[in-house]
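Following: one structure in structure tokens, then a few remarks.
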Amino acid sequence: MTETVIEAEGLGLRHGRRGAWALRDVSLRLPEGRVCALVGPNGAGKSSLLTLAAGLARPTEGVIRAASRETLAYVAQDKPLYPQLTVGETLRMGHELNPGRWNAETARRIVEGGALDPDARVRSLSGGQRTRLALALALGKRPGLLLLDEPMADLDPLARHQLMGVLMADAAENGTSVVMSSHILTELEGACDHLLLLDGGRLRVFGPVEEVVAAHRLLTGPAAASGGLAAHTVVETRITGRQLIALVRPRGPVDTRTWQTAEPSLEELLLAHLRSPGAPVFAPVASHTAQGVRA
Amino acid sequence: MVVLEFRIDRRSGIATYLQIVQQTKQALRLGLLEPGDKLPTAREVVEATAINPNTVLKAYRELEREGLVEAKRGLGTFIRRSLGGSPADSPLRDELADWALRARTAGMERDDVAALFTSVLEQHFEGDGDA
Chain A
1 MTETVIEAEG LGLRHGRRGA WALRDVSLRL PEGRVCALVG PNGAGKSSLL
51 TLAAGLARPT EGVIRAASRE TLAYVAQDKP LYPQLTVGET LRMGHELNPG
101 RWNAETARRI VEGGALDPDA RVRSLSGGQR TRLALALALG KRPGLLLLDE
151 PMADLDPLAR HQLMGVLMAD AAENGTSVVM SSHILTELEG ACDHLLLLDG
201 GRLRVFGPVE EVVAAHRLLT GPAAASGGLA AHTVVETRIT GRQLIALVRP
251 RGPVDTRTWQ TAEPSLEELL LAHLRSPGAP VFAPVASHTA QGVRA
Chain D
1001 MVVLEFRIDR RSGIATYLQI VQQTKQALRL GLLEPGDKLP TAREVVEATA
1051 INPNTVLKAY RELEREGLVE AKRGLGTFIR RSLGGSPADS PLRDELADWA
1101 LRARTAGMER DDVAALFTSV LEQHFEGDGD A
């Protein structure tokens, strides 16, 4: 059975007593050693979920259990670092704050990959260099669980590719579990094996990417045949002239004489969910049991 | 020494693990990989391509299932045998050739035949690749 790194039940977070809910009714279980994309539009609750998982905020309702402080690394969106320290001093701080855990070799490799001068002050670094240093600090800790809030936002394409490579190499070598957020899905596609879609503080889609994609089909057919869709769970339908395009979760064989079926891309799938706030949640609990048995 | 570099095309519509499988086979056909060669480790592949490690492992498992590579515990994944050309004279191909000829004789156009073939393919191989 696979271990769990994050488990949430009925999780909710509200800012102030009468404030709006940043997160509501979120239940999920993320198995160990997975790389999970946390996606959703601005204000979806991504950062709230990450700060709750990092133990930096207390839930207003429900519970969340995640890896302990010692084995968890969290890189906030603004990559907080000490501007007056040099790169070298920042790494030494990482060493001293994590006695017995610190992997100087990993940290050094990440920093050197970006040609960062060890004597440069943090305040003089570019956004991309700061991200690199923050990631070096996080991975040097040898975390079991790495939480990254918009890690790639201020990186150029090359640095993005390199740092994603560094992250994946660490996941391959140490089995690190990673949750990273972005509002740009393509940034994460390919690197993640789990997908978590939040929208308006609610969980909309959660599960292994392969299962999420396999559970959905894009149907194209005559608008007149729309009645036949009732046999399936319909996420979204769009009608243009006599043509109908629907994203469905088939609950049985699809009539392939009426409908042309295709596997949706991850992007099509997410956009369809975001355009249809009323679509049923996709988060099959059974899938996680199956995952555990396979592992 | 890394003997092979995978080129991952996110826009190709082909599952990433299949791209690795196909590129390995292509390298075998072209003689760029030979029996005994070691495939790059999952770590090496993901560091260069920024894809998920499980995708690489899935591709290597598929290659192993097909008998093309062998995973040696703690050592890596090694090529077991080379690949000749595709089985050009298999009975299946003959039947398909017959079918294509009949379709043409019946007056179907190339695109019609392709659409028909794809739709039957979809019907019988739907969800394939999740094995």
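So the protein lines, in turn, are chains A and D.
Yeah, the first sequence ends on 295 if you go by our numbering, and it's all consecutive.
Yeah, the second sequence ends on 1131 if you go by our numbering, and it's all consecutive.
We put the beta carbon where it would ideally sit given N, CA and C, even for glycine.
Using the three-state DSSP reduction, which class does residue i fall into: helix, strand or coil?
i: Ile245 (chain A); result: strand
i: Phe1006 (chain D); result: coil
i: Asp1061 (chain D); result: Here the sequence assigns Arg to residue 1061 (chain D), which means Asp is not the residue at that position. Arg1061 (chain D): helix per DSSP, three-state reduction.
i: Met197 (chain A); result: Checking the sequence, you will find Leu at residue 197 (chain A) rather than Met. DSSP places Leu197 (chain A) in strand when its eight states are reduced to three.
i: Tyr82 (chain A); result: coil
i: Thr1016 (chain D); result: helix
i: Arg160 (chain A); result: helix
i: Thr965 (chain D); result: Coverage of chain D is limited to positions 1001 through 1131, which leaves residue 965 (chain D) absent and any answer about it impossible.
i: Arg294 (chain A); result: Any reading at Arg294 (chain A) must be qualified, since the residue scores a pLDDT of 34, below 50, and its modelled position is unreliable; the value itself is stated next. Residue state, collapsed to three classes: helix.
i: Gly207 (chain A); result: strand
i: Leu185 (chain A); result: helix
i: Thr90 (chain A); result: helix
i: Thr289 (chain A); result: Residue confidence for Thr289 (chain A) is low, a pLDDT of 41 falling below 50, so the modelled location carries little weight; the figure read from the coordinates is stated next. Thr289 (chain A) falls in the helix class under three-state DSSP.
i: Leu145 (chain A); result: strand
i: Gly43 (chain A); result: coil
i: Leu219 (chain A); result: strand
i: Ala1105 (chain D); result: Contrary to the premise, residue 1105 (chain D) reads as Thr rather than Ala in this sequence. Three-state DSSP puts Thr1105 (chain D) in a helix.
i: Thr176 (chain A); result: coil
i: Thr106 (chain A); result: helix
i: Ala120 (chain A); result: coil
i: Glu1126 (chain D); result: coil
i: Glu1034 (chain D); result: coil
i: Thr131 (chain A); result: helix
i: Thr4 (chain A); result: strand
i: Glu150 (chain A); result: coil
i: Ala115 (chain A); result: coil
i: Glu1070 (chain D); result: strand
i: Arg1011 (chain D); result: coil
Using a Cβ-Cβ cut-off of 6 Å (strictly less than) and excluding sequence neighbours within five positions of residue i, which residues of its own chain qualify?
i: Arg1029 (chain D); result: Leu1083
i: Gly201 (chain A); result: Trp21, Ala22, Leu23, Arg24 and Gly45
i: Lys1038 (chain D); result: Gly1076 and Phe1078
i: Phe206 (chain A); result: Leu28, Leu196 and Ala283
i: Glu189 (chain A); result: Leu266
Ordered along the chain, which non-local residues of its own chain (more than five positions away) have a Cβ less than 7 Å from that of residue i?
i: Thr233 (chain A); result: Val248, Arg249, Arg251 and Pro280
i: Arg1080 (chain D); result: Pro1035, Gly1067, Leu1068, Val1069 and Glu1070
i: Pro143 (chain A); result: Thr71, Leu72, Ala73 and Thr176
i: Leu270 (chain A); result: Val39, Leu185 and Leu197
i: Ala67 (chain A); result: Val5, Gly144 and Leu145
i: Ser226 (chain A); result: Thr237 and Leu244
i: Asp255 (chain A); result: Gly228
Is residue i a contact residue of the ligand FMN, with contact defined as CB to any heavy atom under 6 Å?
i: Ala66 (chain A); result: The ligand FMN is not part of this structure, which contains no ligands at all.
For residue i, which residues in the same chain have their Cβ closer than 8 Å to its Cβ, ignoring the five residues on either side in sequence?
i: Leu203 (chain A); result: Asp25, Val26, Ser27, Leu28, Leu196, Leu197, Val281 and Ala283
i: Pro277 (chain A); result: Asp199 and Gly200
i: Pro222 (chain A); result: Arg242, Gln243, Leu244 and Thr258
i: Leu85 (chain A); result: Met93, Arg121 and Val122
Answer yes or no: does any C-beta atom of chain E fall closer than 7 Å to that of residue i?
i: Arg1065 (chain D); result: Annotation note: the requested chain E is absent from the structure, which comprises protein chains A and D.
(Q) Can you pull out the residues from the region 1012-1041 of chain D whose beta carbon lies closer than 7 Å to at least one beta carbon of chain A? (A) Thr1016
* To do: Ignoring anything shorter than 4 residues or poking outside the region 229-283 of chain A, list the alpha helix (DSSP H) runs there in chain order.
  => 266-275
Check: In chain order, what residues of the region 181-195 of chain A put their CB closer than 9 Å to some CB of chain D?
Finding: Thr186, Glu189, Gly190, Ala191, Cys192 and Asp193
*Please determine if the region 153-168 of chain A and the region 1048-1063 of chain D are in contact, where contact requires at least 3 C-beta pairs separated by less than 8 Å.*
yes
Under 9 Å, CB to CB, which of the residues in the region 1043-1057 of chain D have a partner in chain A? Arg1043, Glu1044, Val1045, Val1046, Glu1047, Ala1048, Thr1049, Ala1050, Ile1051, Asn1052, Pro1053, Asn1054, Thr1055, Val1056 and Leu1057
Query raised in the report: Okay, do the region 174-182 of chain A and the region 214-224 of chain A touch, 3+ Cβ pairs below 8 Å being the bar?
Result: no
Practice problem: Kindly provide the ranges of any beta strand (DSSP E) runs that are 3 or more residues long and lie completely inside the region 6-76 of chain A, ordered along the chain. | Solution: 21-31, 35-39, 61-66 and 72-75
- Query: Counting Cβ pairs closer than 8 Å, one from the region 8-16 of chain A and one from the region 52-64 of chain A, do we hit at least three?
  - Reply: yes
Q.
Any C-beta of chain D within less than 8 Å: which residues of the region 203-235 of chain A qualify?
A. Glu210 and Ala214
> Using Cβ-Cβ distances below 9 Å, what residues of the region 256-275 of chain A are close to chain D?
Replying inline: Thr256, Gln260, Thr261, Ala262, Glu263 and Ser265
Worksheet item: Does the region 113-126 of chain A touch the region 46-55 of chain A, meaning 3 or more C-beta pairs lie closer than 8 Å?
Response: no
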